[in-house]
Each structure stands twice: as C-alpha cells, then as structure tokens.
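Student:
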Amino acid sequence: MAFYRSVGTIPPKRHTQHRDESGALYYEELMGEEGFSSDSSLLYHRGVPSALVNSQVWELSDQTRTPNHPLKARHLKLHSLETGSCPVEGRRLVLGNNDVRLTYVVTGGQSSPLYRNAIGDECVYVESGTGTVESVFGVVPYRAGDYVVIPRATTHRWVPAEASRLYAIEANSHIHPPKRYLSRFGQMLEHAPYCERDLHGPTSPYLVEGEDVDVLVKHRTSAGVVGTRMTYATHPFDVVGWDGCLYPYTFNIDDYMPITGKIHQPPPVHQVFEGWNFVICNFLPRKVDYHELSIPVPYYHSNVDSDEVMFYVGGDYEARKGSGINLGSISLHPGGYAHGPQPAAIEASLGAEYFDESAVMVDTFAPLDLGEGGLAVEDPAYAWTWAGRGPDDPAVFSNS
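Its first residue numbered 1, the sequence shown is counted upward by one per residue in UniProt numbering.
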C-alpha cells in the first residue's frame, strides 16, 4: 500500500538512535514485503520484538477441503452457519484453495486473542456490527460495510463493540488495489473508483504493558496451514511510533464510486482489490445501462479461467431472483460451464434504471474446494434452478 503515514514518535533519520526520556534505546523493527524490495514500515518498540519465551501448538479449526466434484454451482446459506463467537478462533472455512481461504464468523461481544497471520494478508468484510481492531500500529475502528485490510504478520486483535458478522478473505499473498488504478509511483489515478482519502489507518500509537503474552500465529508447513501459540517476554503493543507504507486500514463500500455505462459493464469495472491468483470486486447500488435496448442483468458467461464467488450482503440482487438466493447467501459458479441470470430475471430487468443490490465477489484463478462450513449450509437444489427441474424430477434421465 504505497501511501506514506507517520504515527507517534520516530527519529529524524531511519536506522539511527531513538531513545526515551530516561535515555533507554527503543528497538527498531523493519516490517517489509518481498524481502527488502517492496512496501515496508519501521516500528520502534520499548521491548525486544523477537524476545520469545515459549512456543506451543495451536490447534486450528477444521481446515478440511472437499473438491467440487461432481462439478456444479453451489448455494451456501451463511446466515444458517453456526460459528464460535471468537472473531478469530470461531471462524469456519467456507471455501478455499492454495491461494485463498474464505471464512465466516458471527462474533459475540468477546475480543479475540492476539493473532498474527503469517501466511498472507487478510481482507475482512464487515457484514454487520461495529468495533475496533487493535494492532502494533495502533487502533482502527470498523463498521458495517468496511473492508479491514491487515498486512501479513501484523499482530492484532478484534474487539467487537457488538455482535459482528465477519467474512474473512485470507490470502497466501498480499492484497492491494489493482495496479491499473495506480500511477507508476503508486498514487491512485483519476479513473480509480476510490482514492487515498477513503483509506483510514491508525492515527496514534496504542501502548499496552504486559509480560509473557500469548500470540496465536497461523503459518504454513509442508503439512499445510497450521497454528502456533507463541509467548513473548513483553507485550507486542509496545510501539511508540512508526512510519512507512505498510499498515492496517479500512475502506468502506459506501466510498466506492460504481462505474456504469450505456450497455452492461463487465465485472472488472467493479474491482476493489487483488491478490495472487484472485480478485475482489463489489457490486453496489447504482444506475444501470441506458442504451434503449440494453439488458441490465448480466449476459450468460463461461468462467473459462476462474471460479466466481458472490456474497450477497444488501438490497435485492436482480439476476438471482427465483433461485433461493437471499441476504447472507454465497453462490459459487465454478469454471467449466456457463452461468448467468435466472431466466425470468432477464425480461423483468428491461427498462430498469437503478439496481439496489450489494454483493462482494471473489474470483479465483484456481478451483475452489468446499470447506466444512460451506458443506454444512449448502442448498442442494440451487444447481438446477435455471432448468426448473433436477435429478429428483422423474423427467430427468438416470445417469445409470
């Protein structure tokens, strides 16, 4: 995230002495991406950031993945999914592959433990609720409609002020704005649907005292995604100041300016972020196509290179009417066959001037498997809704 910020107290020159009022030296930490070749921040700690006193196994929730086989579209009803109340440990795996995992949790009022994802960045969509995310960089408040973007290996914790529905997009890579929105120096360009003013990061340090403090760390081994409980000699939230271009921030979908056209616009115009082998888009309330013969709902399309995941979070999604899709639904339309609007939705959309709908889309360029959470809340009839009949209909021939 090439957008410089400076918070708290830092020395005039990097990598030089920085001392407190008693003369004690602060400990400088460089947190950077891609070795020393991409975005970074410099943090100044009271304690030694690497002072570890214990390391134990942290047993993660069920990470089992089941291939989408036989191939078909899926409808997953997330509002029926029972989860733990912890914003981190209560997450259940809905869909995933080796590039990204989609999880869901409905929090109670409890805060999460200190947590660090050492696998990749997290982009957490707040479906509902308010609260804060505390981190080594400071505190950022969240509200419904926010994307909370947390860089890889950032120690943080979630502090809900009320029950919150959190849809976590956990990458094996970094998550950032699309490159086509940025100048060659990293500034957001005029055609981008949002800009730096819309990104809200920490504004002051957040200092916490403590000794022998546990941090839950999600990381990778040859066996896949695993967890470790690390115990630090001093509290990680001991940073008196930092500066750089790497830090957590929020972006609210109300600040995204939809791009529309005379005829139907393809999904890339709705893109908000991207990671390695996946993109994130949002479909929001907007004026629709104004050609006199336009068809406002999407045309049928084949996902030749990608699986498409839509999470329906607001309004009334026109293209899915009659399919059972509702708020809190996820649809998975995998690569390998054509999909599009329900047949009756096409004629019904003609003449429409405005769509009141909100959805978060993740397109992946490798096949998605179903997590145990997704399988638990699947609507088995969804795949047959375009035809109006399915394998239990006597008019359908037996595969045998």
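Using N, Cα and C, we set each Cβ at its ideal position, and we do this for glycine too.
In the DSSP assignment, find the beta strand (DSSP E) that holds Leu166 and state where it starts and stops.
Tutor: That run of the beta strand (DSSP E) goes Arg165 to Ala171.
Student: Since Leu370 is in the beta strand (DSSP E), which residue starts that stretch and which ends it?
Tutor: Leu370 -> beta strand (DSSP E) spans Asp369 to Gly371.
Student: Please tell me whether Val7 and Pro296 are closer than 8 angstroms, where the distance is taken between their beta carbons.
Tutor: No, the pair does not count as a contact, with Cβ atoms beyond the cut-off.
Student: Using three-state DSSP, classify Tyr354 as helix, strand or coil.
Tutor: In the structure shown, Tyr354 sits in a strand (DSSP, three-state: E or B).
Student: In the DSSP assignment, find the unbroken alpha helix (DSSP H) run with Pro87 in it and report its ends.
Tutor: First-last for Pro87: undefined, no H or E at that position.
Student: Okay, do the stretch 118–138 and the stretch 161–171 touch, 3+ Cβ pairs below 8 angstroms being the bar?
Tutor: Verdict: yes, contact present.
Student: Please classify Gln342 as buried or exposed, where buried requires at least 16 neighbouring CB atoms within 10 angstroms.
Tutor: Buried: at least 16 other Cβ atoms inside 10 Å.
Student: Alpha carbon to alpha carbon, how far is Ser112 from Thr83? Give it in angstroms, no decimals.
Tutor: Using only the alpha carbons, I get a separation of about 14 angstroms.
Student: Is there contact here, the stretch 370–384 with the stretch 307–320, by at least three beta-carbon pairs under 8 angstroms?
Tutor: The stretch 370–384 vs the stretch 307–320: no contact.
Student: Counting pairs of Cβ atoms below 8 angstroms between the stretch 210–227 and the stretch 240–258, do you hit three or more?
Tutor: No: the two stretches stay apart, fewer than three of their Cβ pairs being nearer than 8 angstroms.
Student: Is the closest heavy atom of the ligand NAP to the C-beta of Gly388 under 7 angstroms?
Tutor: The ligand NAP is not part of this structure, which contains no ligands at all.
Student: Give the list of continuous beta strand (DSSP E) stretches no shorter than 3 residues that lie fully inside the stretch 45–94.
Tutor: Counting whole runs of 3 or more residues, the stretch 45–94 contains the beta strand (DSSP E) stretches 52–57 and 74–77.
Student: Report the three-state DSSP secondary structure of Ser398 (helix, strand or coil).
Tutor: Annotation note: pLDDT 36 at Ser398 (below 50); position unreliable, coordinate value reported separately. Three-state result, Ser398: coil.
Student: Just to confirm before moving on: does the CB-CB distance between Tyr354 and Val288 stay below 8 angstroms?
Tutor: Yes, they are a contact pair.
Student: Return the chain-ordered list of same chain residues with a C-beta closer than 7 angstroms to the C-beta of Thr9, the five sequence neighbours on each side being excluded.
Tutor: Contacts found: Val240 and Gly241.
Student: Out of Lys262, Ala376 and Leu370, state which residue places its alpha-carbon closest to the alpha-carbon of Pro70.
Tutor: Closest option to Pro70, Cα to Cα, is Leu370.
Student: For His176, count neighbouring Cβ atoms within 10 angstroms of its own Cβ and tell me buried if that reaches 16, exposed if not.
Tutor: Counting Cβ neighbours within 10 Å, His176 comes out buried, since at least 16 surround it.
Student: Tell me whether the stretch 332–339 and the stretch 358–372 touch, counting them as touching only if at least three CB pairs, one residue from each stretch, are closer than 8 angstroms.
Tutor: With a cut-off of 8 angstroms, the stretch 358–372 and the stretch 332–339 count as touching, because enough Cβ pairs lie within range.
Student: For the alpha helix (DSSP H) containing Glu190, list its first residue and its last residue.
Tutor: Per DSSP, Glu190 belongs to no alpha helix (DSSP H) and is neither H nor E.
Student: Measuring CA to CA, which of Thr103, Arg116, Asn98 and Asn97 is closest to Arg91?
Tutor: Looking at the Cα atoms, Thr103 is the closest of the given residues.
Student: Nearest CA to the CA of Ile280: which residue from Arg19, Pro11 and Tyr147?
Tutor: It is Tyr147.
Student: Please list the segments of the alpha helix (DSSP H) lying wholly inside the UniProt domain "Homogentisate 1,2-dioxygenase C-terminal" (277–365), counting only runs of 4 or more residues, in order along the chain.
Tutor: If we require 4 residues or more, the alpha helix (DSSP H) runs fully inside the UniProt domain "Homogentisate 1,2-dioxygenase C-terminal" (277–365) come out as 343–349.
Student: Exposed or buried, what is Met188 when buried is set at 16 or more other beta-carbons lying within 10 Å of its beta-carbon?
Tutor: By the 10 Å Cβ count, Met188 comes out buried.
Student: Quick one: what's got a C-beta closer than 6 angstroms to Pro67's C-beta in the same chain, skipping five residues either side?
Tutor: Excluding sequence neighbours, Pro67 sits near Asp369.
Student: Determine the direct distance from the alpha carbon of Val304 to that of Ser323, and round the result to whole angstroms.
Tutor: Roughly 23 angstroms between the two C-alpha positions.
Student: Mind checking which residues open and close the beta strand (DSSP E) that includes Phe251?
Tutor: Per DSSP, Phe251 belongs to the beta strand (DSSP E) from Tyr249 to Asn252.
Student: So with Cβ pairs under 8 angstroms, would you call Ser80 a contact of chain C?
Tutor: Judged by its chain identifiers, the structure shown contains no chain C, having just a single protein chain.
Student: Tell me whether His191 is buried or exposed, calling it buried when 16 or more other Cβ atoms sit within 10 Å of its Cβ.
Tutor: That one is exposed.
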